[in-house]
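**Q**
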Amino acid sequence: MTPTIANLFPHPVKSVSILDQHITYEDSLSPSETAATPKRIMVCVPGLGDFRQQFRFLAPKLLEAGNRVICADLRGTGGCSTGFKSFSCEDVAGDIIAILDNEKITTPVVFIGNSFAAAVAVLIAANHPERIEKIITLGGFFRPTPADKYFIPLTYVLFTSMWGAASWTGYFQTLFKDSPPADLSEYIAYSKFHFNEDTKRIGAIAGFCRANKGDSWKSVLKTKCDVLLIMGTSDPDFSDPKTETEEVAAEFRKREEGLVVETFYVEGVGHYPHVENPVAVYDAIIKFL
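This note's numbering puts the first residue of the sequence shown at 872, with every later residue one more than the last.
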């Protein structure tokens, strides 16, 4: 049987064209709905190698709280087409702007980004401040790391069509710690199938891994919105998750007076705190908002 993972909402998956390719996303607002104005519009963006369904535990809670929730795939993976040639933070920032334009959303949104998507959030907030109300990051990467000089060359070996799916999924499952979700084995089975089905998707992972976050880091001081940094205390992607978070927070706090920067730590969880402990993450988000 072919592995599958369910969509987040009971509506057709949407897409927006980017040149001759397309980006897929889900929207909690049904095509026929003209409901009351939501409290907020929240745009959720996963980290590299994952799908919009990583928000399967958090998105329903945000929706139940009266928000409109849009969850996007990253170009080249998920439901997106696989003909993309570039995988920079700037590219993904443009993809998210295209989604907002496609939905005719002109009010500022709350951007919730995991991992790589944190750098994307900074670029949008710096270059399009009218589009972002607040930034919330989950295990966020904001800047180049010392390990990049060793890891980036390895991506040319690890993420090939022959064994890329096995390399990625083998690593992916190590990113969960104390409380892996009950459906993790099924999720990983789908992920392995997904990346084997079209090996260009593995190329997308490699491209995102090589993306330079330097411009995003330089743009932190240009942002003018409140920020919440959520981090799992056992996140293996960082040698010291708390120190990384506090250093990023310190950079954001150099901005003009009055802008809020908060940190929240989820004890014992890894790179996906919203998957391992969605209740704690949801509560932190609601308190921040």
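All C-beta atoms in this analysis are idealised placements derived from N, C-alpha and C, irrespective of residue type, glycine included.
Our contact map puts I894 next to D966 with C-beta atoms below 8 Å; I'd like the distance itself, whole angstroms only.
**A** That pair is a contact at about 5 Å.
**Q** Go ahead and label E1115 buried or exposed: buried means 16 or more other beta carbons lie within 10 angstroms of its beta carbon, across all protein chains shown.
**A** By the 10 Å Cβ count, E1115 comes out buried.
**Q** Determine contact between the region 1072 to 1079 and the region 955 to 965, defined as no fewer than three beta-carbon pairs at a distance below 8 Å.
**A** Touching, yes, given that three or more Cβ pairs across the two stretches are closer than 8 Å.
**Q** Here's the rule I'm using: 16 or more other beta-carbon atoms within 10 Å means buried, otherwise exposed. How should F1123 be labelled?
**A** Buried, because 16 or more other Cβ atoms sit within 10 Å of the Cβ of F1123.
**Q** Quick one, are the C-beta atoms of S1110 and G1141 less than 8 Å apart?
**A** No. Outside cutoff.
**Q** State buried or exposed for W1039, treating a residue as buried only when at least 16 other CB atoms are found within 10 Å of its CB.
**A** It counts as buried.
**Q** Under 8 Å: do the region 1131 to 1148 and the region 1065 to 1073 share three or more Cβ pairs, one atom per stretch?
**A** No, the region 1131 to 1148 is not in contact with the region 1065 to 1073.
**Q** Given a cut-off of 8 Å, decide if F1135 and I1157 are closer than it, judged by their beta-carbon atoms.
**A** Contact flag unset, no.
**Q** In whole angstroms, what is the alpha-carbon distance linking A936 and Y1027?
**A** In a straight line, the C-alpha of A936 is about 43 Å away from that of Y1027.
**Q** Any idea if K1125 is buried or exposed, counting beta-carbon neighbours within 10 angstroms, 16 or more meaning buried?
**A** Looking at its Cβ environment, which holds fewer than 16 other Cβ atoms inside 10 Å, K1125 is exposed.
**Q** Does DSSP classify N852 as helix, strand or coil?
**A** With the chain represented from 872 up to 1160, any question about residue 852 goes unanswered, as that position is not in the structure.
**Q** Hey, would you say L879 sits closer than 8 Å to C942, going by beta carbons?
**A** Yes. Within cutoff.
**Q** DSSP state of E1127, grouped into three classes?
**A** Reduced to three states, the DSSP call for E1127 is coil.
**Q** Go ahead and pull the three-state DSSP assignment for E897.
**A** Looking at E897 - three-state DSSP - the assignment turns out to be strand.
**Q** State the beta-bridge partners of E1133 as determined by DSSP.
**A** Bridge partners of E1133: L1099.
**Q** Per DSSP, which one or two residues make a beta bridge with C915?
**A** Bridge partners of C915: C942, I983.
**Q** Taking the beta carbon of G1010 as the centre, do at least 16 other beta carbons fall within 10 Å, making it buried, or is it exposed?
**A** Classification of G1010: buried, given that the 10 Å Cβ count is 16 or more.
**Q** Out of curiosity, what's the CA-to-CA distance linking R939 and V1146?
**A** Roughly 20 Å separates the two Cα atoms.
**Q** Please look up how many angstroms separate the CB atoms of G949 and R923, rounded, as I've assumed it's under 8 Å.
**A** About 6 Å; that satisfies the 8 Å criterion.
**Q** Per DSSP, K1005 forms a beta bridge with which residues?
**A** According to DSSP, which records beta bridges pairwise, K1005 is partnered with V981, D1097.
**Q** Can you have a look at M872 and say buried or exposed, based on whether 16 or more other CB atoms are within 10 angstroms of its CB?
**A** It is exposed - the Cβ of M872 has fewer than 16 other Cβ atoms within 10 Å.
**Q** When the distance is taken between beta carbons, is V1119 closer than 8 Å to F1013?
**A** Taking 8 Å as the Cβ cut-off, F1013 and V1119 qualify as a contacting pair.
**Q** Along the chain, where does the alpha helix (DSSP H) containing K1063 start, and where does it finish?
**A** Taken as a continuous stretch (DSSP letters only), the alpha helix (DSSP H) holding K1063 covers 1055 to 1068.
**Q** Would you give the residue range spanned by the beta strand (DSSP E) that V887 belongs to?
**A** Segment 885 to 889, the beta strand (DSSP E) holding V887.
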